[in-house]
């Protein structure tokens with residue numbers, strides 16, 4: 015973009031605010047066969063979408079997943095893992111099968127290209143839960159303000175005996191949130207910090 019001298023001067027002297035997306039990550043949480051997992055979500059800011067997937071810490075093949083069709087809701091056997099989101103002691107929804115998050119949430123809230131791409135990334139099945147009607151658009155269409163939530167957990171029900179877990183598996187959970195980037199006198203910074 016080219017600005018003439020007058021526009022450059024005005025641009026440098028005026029303050030600017032831009033709505034931006036940020037990515038937050040909880041860290042890897044272990045998944046144990048025949049047990050449930052409760053992942054504490056230590057996120058901040060207005061979150062538009064939660065994203066998670068399973069992975070292994072297999073050093074010989076780091077791209078190993080829970081197996082063909084056995085990811086969290088990835089196939090017939092994986093569909094028995096019930097998932098619940100709890101915010102300040104209240105369930106956001108009734109426990110749902112993993113398939114709801116790996117297929118239906120993407121169908122309702124994402125474009126065809128995103129659904130196709132995000133269903134399996136490097137063989138890992140990806141679960142999503144959207145607080146926004148249209149999370150791909152930059153204009154906000156819904157959020158959950160995690161800054162106002164004291165206790166948030168993602169519960170993954172009993173993985174059951176159908177899972178062929180012989181390696182240590184982990185769940186990674188991410189959140190996409192909004193923030194404001196302010197530029198004043200040529201200096202930039204975030205309007206809201208942790």
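In our numbering, the protein residues as written are 15 to 208.
Beta carbons are placed, not taken as given, at the ideal position from N, Cα and C, and that holds for glycine.
Cβ atoms of residue 183 and residue 70 come within 8 Å of each other, at about 5 Å. Cα atoms of residue 189 and residue 162: separation of roughly 15 Å, rounded to the nearest angstrom. Counting only residues of its own chain and dropping the five nearest sequence neighbours on each side, residue 103 has no CB closer than 6 Å to any other CB. Going by beta carbons, residue 66 and residue 112 fall outside the 8 Å limit. C-alpha of residue 159 to C-alpha of residue 62: approximately 9 Å in a straight line. In the three-state DSSP reduction, residue 106 falls in the coil class, being neither helix nor strand. DSSP places residue 26 in the helix class (H, G or I) of the three-state scheme.
Residue 144 and residue 25 have their C-alpha atoms roughly 36 Å apart. In chain order, 58 place their CB closer than 7 Å to the CB of residue 208, counting only its own chain and leaving out the 5 sequence neighbours on each side. When DSSP states are grouped into helix, strand and coil, residue 148 belongs to the coil group. The three-state secondary structure of residue 199, taken from DSSP, is coil. From the listed residues 29, 109, 56, the smallest Cα separation to residue 169 is found for 109. Judged by their CB atoms, residue 194 and residue 37 are not nearer to each other than the 8 Å cut-off. Here residue 141 carries a strand assignment [DSSP, helix/strand/coil]. Across the structure, residue 107 and residue 39 are spaced so that their CA atoms are roughly 23 Å apart. The closest CA to that of residue 52, considering only 185, 29, 122, is found on 185.
The beta carbon of residue 98 lies closer than 6 Å to those of 105, 109, 169 in the same chain, with the five residues before and after it left out. If you look at residue 122, you'll find it in the alpha helix (DSSP H) that goes 119-123.
A Cβ-Cβ separation of about 6 Å places residue 187 in contact with residue 55 under the 8 Å criterion.
Between residue 196 and residue 31, the gap from beta carbon to beta carbon is short of 8 Å. In this structure, residue 116 keeps its C-beta atom at 8 Å or more from the C-beta atom of residue 166.
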